[in-house]
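Novice:
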Amino acid sequence: STLRFADNAKKMPVKVKRQLDPTAELIANLKQENERLQSELAALGGQEAAEAAQRVKKEYEDRLINADEKLAKMQRAFQEMEARAQKGCRVRIAALPFAVEDKAHIAEL
């Protein structure tokens, strides 16, 4: 029975697979994708595509800066409301939800 098992084991195909840790495998895949995308970019006209990518990047950066400014305004308005509430003043927000562009409508009652 042991000899039959050994004979059957010899007949089984052996598939060798190189094992990489997940991080190294991810890095290798990303490098391949980067090379592929660079070749596609070069095929599309290189300079024009790069300029378009820079315009899109600039647009997103501007939108991010704008969003940061709006967030800062909202935080200042909230801090102002908090300060008034701590002083014992009643704080009323005129309309909920208020638009980000608008200042918070704070009224002392």
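Residue 1187 is where the sequence shown starts when you use our numbering, and the numbers rise one by one after that. Backbone N, C-alpha and C define an ideal beta-carbon position, used for all residues, glycine too.
1) Check this for me: beta carbons of Ala-1304 and Leu-1227, under 8 Å apart or not?
2) Per DSSP, what kind of secondary structure is Asp-1207 in: helix, strand or coil?
3) For the alpha helix (DSSP H) that contains Val-1202, what are its first and last residues?
4) Between the C-alpha atoms of Leu-1216 and Asp-1207, what's the straight-line distance to the nearest angstrom?
5) Report the rounded CA-to-CA distance for Lys-1243 versus Ile-1251, giving the unit in angstroms.
6) According to DSSP, simplified to helix, strand and coil, what is Lys-1273?
Specialist: The relevant details are as follows:
1) One cannot answer for residue 1304 here, as it falls past the ends of the chain, which runs 1187 to 1295.
2) Counting from 1 along the sequence shown, the entry for residue 1207 is found at position 21. Three-state DSSP puts Asp-1207 in coil, outside helix and strand.
3) On the sequence shown, position 16 is the one that residue 1202 refers to. No alpha helix (DSSP H) holds Val-1202; DSSP gives it neither H nor E.
4) Locating residue 1216 in the sequence shown gives position 30, counting from the first residue. Locating residue 1207 in the sequence shown gives position 21, counting from the first residue. Whole-angstrom Cα-Cα distance: 14 Å.
5) On the sequence shown, residue 1243 is found 57 positions in, with the first residue counted as 1. On the sequence shown, residue 1251 is found 65 positions in, with the first residue counted as 1. Roughly 12 Å separates the two Cα atoms.
6) Here residue 1273 corresponds to residue number 87 of the sequence shown, with the count starting at 1. Coil, per DSSP.
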